[in-house]
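Before any comments, here is the structure.
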Amino acid sequence: MKDAYVNAINIQAATRNWMDAVTENMVNMYTPGYRENQVTFKTFLDAVQLDGYLKNTGQGKAIPGTSTENVFLEGNGYFVVRNEEGRIAYTRLGEFKFDNEGVYKASDGSKVQGYILNDHGEIMAGTKSLTSAEFDETTANGGALSVPTTEIKLWIDPDNGKFLGKYDEYEIKGDGILYGKTNGGKDATPLYKIAVMNFHNPQELYQYKDGYFVETAESGRPVIGKAEITSGMLELSNIDFKANATYYQEAKMQMELSNKLISSYKQLLQNALQLLD
365 MKDAYVNAIN IQAATRNWMD AVTENMVNMY TPGYRENQVT FKTFLDAVQL DGYLKNTGQG
425 KAIPGTSTEN VFLEGNGYFV VRNEEGRIAY TRLGEFKFDN EGVYKASDGS KVQGYILNDH
485 GEIMAGTKSL TSAEFDETTA NGGALSVPTT EIKLWIDPDN GKFLGKYDEY EIKGDGILYG
545 KTNGGKDATP LYKIAVMNFH NPQELYQYKD GYFVETAESG RPVIGKAEIT SGMLELSNID
605 FKANATYYQE AKMQMELSNK LISSYKQLLQ NALQLLD
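Each residue of the sequence shown is one higher than the last, beginning at 365 in the working numbering.
Spelled out as structure tokens, the structure:
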């Protein structure tokens with residue numbers, strides 16, 4: 365009877381955590397960049413124990429952003445940002461904007477990371493330029509970290525009001541390249557490429573705050589991602605509302621059952637103690 369009672373208590377605790385995770389998912393149904401919680405369980409002694417939480421790494425739907433500076437990532441991978449503590453982090457939330465100093469930043473103030481390009485659109489690795497083929501080769505060999513990233517900055521010249529002193533406007537295209545444009549938009553010069561990283565085991569990234577992750581030993585080291593980038597859009601949460609509603613009903617039924625079991629065992633224990641008297 366003791367084992368059965370302990371099992372019922374464990375089921376109740378695990379179910380409560382399950383319900384909390386599902387509730388959090390449903391509340392964040394329309395939160396841009398939110399990753400769905402997925403709860404896993406293991407069984408022991410005919411009961412259930414919470415095994416852990418994983419993040420759903422699937423694609424969320426695209427929605428219009430609040431600015432053309434916002435970006436949407438279609439495919440696998442994460443934007444790279446450097447937070448206020450100087451640590452590299454990863455996010456799917458492309459709610460980026462240029463601040464008053466021309467620095468491209470995430471909504472939490474982190475600096476978006478990218479690669480400096482030369483006039484031919486080749487990535488600069490220090491003083492050396494990399495062709496597309498060479499850059500892809502670093503990807504294939506897992507050498508992404510050998511290519512340095514930097515903050516993306518488009519300061520405005522106070523004398524002529526132009527970006528970097530010579531560009532009238534800018535545009536972010538599907539390959540993640542930011543172009544400076546002149547001559548009424550007819551001439552475009554590649555300036556930066558927004559960095560995108562992926563992981564062999566992205567579910568094991570550690571979420572240190574909503575929508576922002578850091579690598580772990582289990583996630584593996586980052587490698588260069590190949591996702592498509594669309595400006596002016598954001599990614600909505602990747603929550604399946606119907607599935608989570610079903611999970612909540614299942615959890616509710618399991619909670620009611622465990623509550624009844626606990627109540628029954630308490631009554632049996634009370635009856636046994638009265639017999640001893």
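Glycine included, every Cβ here is placed at the ideal spot set by N, Cα and C.
- Under DSSP, G478 forms a beta bridge with T514 and I558.
- Taking C-beta separations shorter than 7 Å and ignoring five residues to either side along the sequence, the partners of Y611 in its chain run V386, following chain order.
- The beta-bridge partner set that DSSP reports for D551 consists of T546.
- As far as DSSP is concerned, T379 takes part in no beta bridge.
- For E614, the enclosing alpha helix (DSSP H) has its first and last residue at F605 to L640.
- The DSSP-derived three-state label of M393 is coil.
- If one requires a minimum length of 3 residues, the beta strand (DSSP E) runs lying completely within the region 412-463 are 426-428, 435-438, 442-446 and 452-455, in chain order.
- Within the same chain, and ignoring the five residues on either side of S595 in sequence, the residues whose Cβ sits closer than 6 Å to its Cβ are T432, V435 and I536.
- In this structure, the straight-line span from the alpha carbon of K530 to that of H484 is close to 17 Å.
- In this structure, F605 places its C-beta atom within 8 Å of the C-beta atom of M393.
- Distance between V467 and K557, taken at the CA atoms: about 14 Å.
- As computed with DSSP, Q571 is found in a beta bridge with F577.
- Assignment of beta-bridge partners to K469 by DSSP yields K461 and K475.
- Here N602 carries a coil assignment [DSSP, helix/strand/coil].
- The beta-carbon distance between L542 and I516, rounded to whole angstroms, is 7 Å. This is short enough to meet the 8 Å contact definition.
- Here P428 is exposed: its Cβ has fewer than 16 other Cβ atoms, across all protein chains shown, within 10 Å.
- DSSP places E400 outside both helix and strand once states are collapsed to three, so it counts as coil.
- For I520, there is no enclosing beta strand (DSSP E), as DSSP marks it with neither H nor E.
- In the DSSP assignment, F527 forms a beta bridge with I520 and Y531.
- The alpha-carbon separation between E486 and E449 amounts to approximately 30 Å.
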